[in-house]
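Participant:
Numbering (the working numbering), first residue to last: 6 to 511.
#1: Is the segment 245-252 touching the segment 72-91 in the sense that three or more CB pairs, one from each, lie closer than 8 Å?
#2: Using 8 Å as the cut-off, can you tell me whether the segment 113-133 makes contact with the segment 213-221, which would need three or more C-beta pairs spanning the two stretches below that distance?
#3: Quick one: grab the DSSP three-state call for residue 349.
#4: Could you check the C-alpha separation between residue 97 and residue 106 for me, to the nearest Å?
#5: Ends of the alpha helix (DSSP H) at residue 104?
#6: By the DSSP assignment, the alpha helix (DSSP H) with residue 76 in it spans what residues?
#7: Do the segment 362-373 and the segment 426-434 make contact, defined as three or more Cβ pairs closer than 8 Å?
#8: Helix, strand or coil, according to DSSP, for residue 421 in the structure here?
#9: So for residue 36, helix, strand or coil by DSSP?
#10: Enumerate in chain order the residues of its own chain whose CB-to-CB distance from residue 518 is below 7 Å, with the five nearest sequence positions on each side excluded.
#11: In chain order, what are the residue ranges of uninterrupted alpha helix (DSSP H) at least 4 long that sit wholly in the segment 117-172?
#12: Would you kindly work out how many angstroms separate the C-alpha atoms of residue 62 and residue 143, rounded to a whole number?
#13: With residue 191 and residue 90 assumed to form a contact (beta carbons below 8 Å), what rounded beta-carbon distance in angstroms separates them?
#14: Identify the continuous alpha helix (DSSP H) that holds residue 252 and give its terminal residues.
#15: Can you tell which of 352, 403, 360 has the C-alpha that lies nearest to the C-alpha of residue 111?
#16: How many whole angstroms separate the CB atoms of residue 229 and residue 92, which I take to be in contact at a CB cut-off of 8 Å?
#17: Does the beta-carbon of residue 383 have 16 or more other beta-carbons within 10 angstroms, so that it is buried, or is it exposed?
#18: Can you have a look at residue 263 and say buried or exposed, based on whether 16 or more other CB atoms are within 10 angstroms of its CB?
#19: Considering residue 310, what are the terminal residues of the alpha helix (DSSP H) in which it resides?
#20: How is residue 398 classed by DSSP in three states: helix, strand or coil?
#21: Taking the alpha carbon of residue 180 as the reference point, which residue from 193, 194, 117 has its own alpha carbon closest?
#22: Put residue 377 into one of helix, strand or coil per three-state DSSP.
#23: Grab the span of the alpha helix (DSSP H) containing residue 282 for me, first residue to last.
#24: Expressed to the nearest angstrom, what Euclidean distance is found between the alpha-carbon atoms of residue 412 and residue 220?
#25: Of the residues 177, 392, 425, 291, which one's Cα is nearest the Cα of residue 104?
#26: Tell me which residues share the same chain as residue 407 and place their Cβ nearer than 7 Å to its Cβ, disregarding the 5 neighbours each side in the sequence.
#27: Using CA coordinates, which residue listed in 87, 423, 67, 156 is at the minimum distance from residue 252?
#28: Hey, out of 115, 322, 356, 148, whose CA is closest to residue 197's CA?
#29: Measuring alpha carbon to alpha carbon, tell me which of 268, 356, 371, 423 ends up nearest residue 204.
#30: In whole angstroms, what separates the C-alpha of residue 355 from that of residue 405?
#31: Going by C-alpha distance, which of 125, 102, 130 is nearest residue 156?
#32: Can you tell which of 280, 189, 410 has its C-alpha closest to the C-alpha of residue 151?
#33: In its own chain, which residues sit with a C-beta less than 7 Å from the C-beta of residue 437, not counting the 5 before and 5 after it?
#34: Identify whether residue 358 lies in helix, strand or coil by the three-state DSSP scheme.
#35: Helix, strand or coil for residue 464? Go by DSSP, reduced to three states.
This is the structure we're talking about:
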């Protein structure tokens with residue numbers, strides 16, 4: 006979407022509860038002018054709302070929430086599919102390296118199957134803003150089913166045994182292409198899915214509905230770990246390919262967001278009526294929709310009034326600092342090794358010589374991610390993000406230090422048979438800490454432009470690919486403890502308290 010509406014969609018409740026909050030980062034005089042303008046518009050809107058209710062004799066009716074829960078859950082099926090893409094290389098890695106599919110895959114090639122997924126996401130990030138603005142949030146996500154299915158088909162074909170007469174190069178090449186395409190689809194969902202959820206939700210339940218995406222993503226990881234423990238890579242890929250089909254079959258019945266209809270220009274003749282129909286589906290036919298429509302229209306008008314080029318937006322010191330802090334948070338989040346641990350969990354446990362079967366240990370890690378993500382969604386706003394982030398960073402650092410020490414001792418030839426429990430314990434606690442703290446990093450908390458969010462996601466994909474491709478397990482485990490420490494310092498000295506400060510203060 007166009008630079009600034011992410012803030013309007015996700016923080017609308019805070020904007021109107023504090024009329025002095027500005028929707029853009031400008032100089033102090035412009036902030037004062039915008040604040041007065043917002044205050045005047047809000048008062049006019051409230052007066053109009055009251056007059057309309059009195060004149061028409063309408064009683065206040067609470068909006069229905071089930072349609073919103075249904076739409077948010079349905080779009081989060083795409084997150085479940087993204088989770089299957091993230092986790093696929095972990096259970097499939099050992100059979101592929103053992104040659105069980107009829108062609109050998111060495112460690113170098115397996116590392117590329119992990120690295121190509123975030124690189125695929127990197128390619129699609131930049132055009133996603135244009136796509137969901139021009140094609141619509143709903144239509145864009147439905148179109149993403151195509152690269153999902155093509156990617157899984159390319160993975161399924163070489164693992165089915167039908168290509169055994171051909172060269173290994175072509176088989177591995179199809180794996181690479183499949184991982185790249187599924188990475189594109191998954192990365193695109195990570196932008197469009199949260200935007201859709203934010204734009205359909207009432208402000209009272211926006212945070213709850215937003216948590217559906219992360220929870221379903223971790224369920225997708227757990228499902229893939231569990232299914233991969235009993236299925237071959239071919240049948241695992243087949244089941245994973247069914248997820249985007251299920252998504253398309255259910256999401257096609259969901260409405261487009263009302264915000265999209267108010268923002269687009271090619272529906273200028275009836276955009277208000279289209280937005281009203283969408284909102285009526287989401288809130289119920291007996292609810293007075295005009296107050297919320299006026300709020301949304303006011304936000305869109307303010308966005309258009311303050312619209313500036315990306316180059317102009319970055320001229321302010323606040324915008325530059327916001328991007329630097331956001332990028333720093335997410336870069337160090339990835340350098341902590343979280344994606345490496347997810348992609349290669351089974352291989353890590355096999356190399357560690359754990360007494361527990363690698364597949365069983367991997368399922369435990371997936372279950373831990375699900376439980377702690379749910380807990381994080383329930384407690385993060387009550388305990389405060391900064392405290393959770395600092396605690397998370399320190400615990401993650403200790404866990405990676407313990408894991409790095411284990412692999413270093415193993416690397417130099419020491420007997421580690423008495424410490425085989427350490428990798429499972431370290432990774433379990435690592436994911437608990439990650440889910441409770443670092444996963445709550447949100448670029449919009451300090452840089453509320455979606456272009457900034459997309460830029461940070463680009464950095465995530467680049468850093469993730471570098472860690473996955475170029476650093477060995479032993480080196481990764483030794484380097485990873487330093488990253489949460491730097492991340493903690495950044496949180497302490499550079500991160501504002503986004504839920505205790507006003508937007509113009511941030």
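Glycine included, C-beta positions come from ideal geometry on N, C-alpha and C.
Facilitator: The structure says:
#1: Between the segment 72-91 and the segment 245-252, the count of C-beta pairs closer than 8 Å reaches three or more; the two stretches touch.
#2: Too few Cβ pairs lie closer than 8 Å, so no.
#3: DSSP places residue 349 in coil when its eight states are reduced to three.
#4: When rounded, the distance between both Cα atoms is 10 Å.
#5: Run containing residue 104: none; DSSP gives neither H nor E here.
#6: For residue 76, the enclosing alpha helix (DSSP H) starts and ends at 71-92.
#7: Per the Cβ contact rule, the segment 362-373 is in contact with the segment 426-434 (3 or more Cβ pairs under 8 Å).
#8: Reduced to three states, the DSSP call for residue 421 is coil.
#9: Residue confidence for residue 36 is low, a pLDDT of 35 falling below 50, so the modelled location carries little weight; the figure read from the coordinates is stated next. When DSSP states are grouped into helix, strand and coil, residue 36 belongs to the helix group.
#10: With the chain covering 6 to 511 only, the question about residue 518 has no answer from this structure.
#11: Counting whole runs of 4 or more residues, the segment 117-172 contains the alpha helix (DSSP H) stretches 142-148, 150-164.
#12: Because the pLDDT of residue 62 is 41, which lies under 50, any placement of that residue in the model is unreliable, and the number read from its coordinates should be weighed accordingly. Their Cα atoms are separated by approximately 36 Å.
#13: Indeed they touch by this definition, with Cβ atoms about 4 Å apart.
#14: Element bounds for residue 252: 238-256.
#15: Considering only alpha carbons, the answer is 352.
#16: Indeed they touch by this definition, with Cβ atoms about 4 Å apart.
#17: With fewer than 16 other Cβ atoms within 10 Å, it is exposed.
#18: Buried, because 16 or more other Cβ atoms sit within 10 Å of the Cβ of residue 263.
#19: Residue 310 -> alpha helix (DSSP H) spans 295-310.
#20: It is helical.
#21: A check of alpha carbon separations from residue 180 across 193, 194, 117 identifies 117 as the nearest.
#22: Correct three-state label for residue 377: helix.
#23: First-last of the alpha helix (DSSP H) with residue 282: 276-288.
#24: Near 31 Å, if we compare the C-alpha coordinates of residue 220 and residue 412.
#25: When only C-alpha atoms are compared, the closest one is 177.
#26: Cβ neighbours of residue 407 beyond the five flanking positions: 427, 431.
#27: Answer by Cα proximity: 87.
#28: Looking from the CA of residue 197, the closest CA among 115, 322, 356, 148 belongs to 148.
#29: Residue nearest to residue 204 within the set 268, 356, 371, 423 is 268 (criterion: CA-CA distance).
#30: Distance between the alpha carbons of residue 355 and residue 405: 17 Å.
#31: Of the candidates 125, 102, 130, the residue whose Cα lies closest to the Cα of residue 156 is 125.
#32: Cα-wise, what sits closest to residue 151 is 189.
#33: Here the set comprises 373, 377.
#34: When DSSP states are grouped into helix, strand and coil, residue 358 belongs to the coil group.
#35: Because the pLDDT of residue 464 is 46, which lies under 50, any placement of that residue in the model is unreliable, and the number read from its coordinates should be weighed accordingly. Correct three-state label for residue 464: helix.
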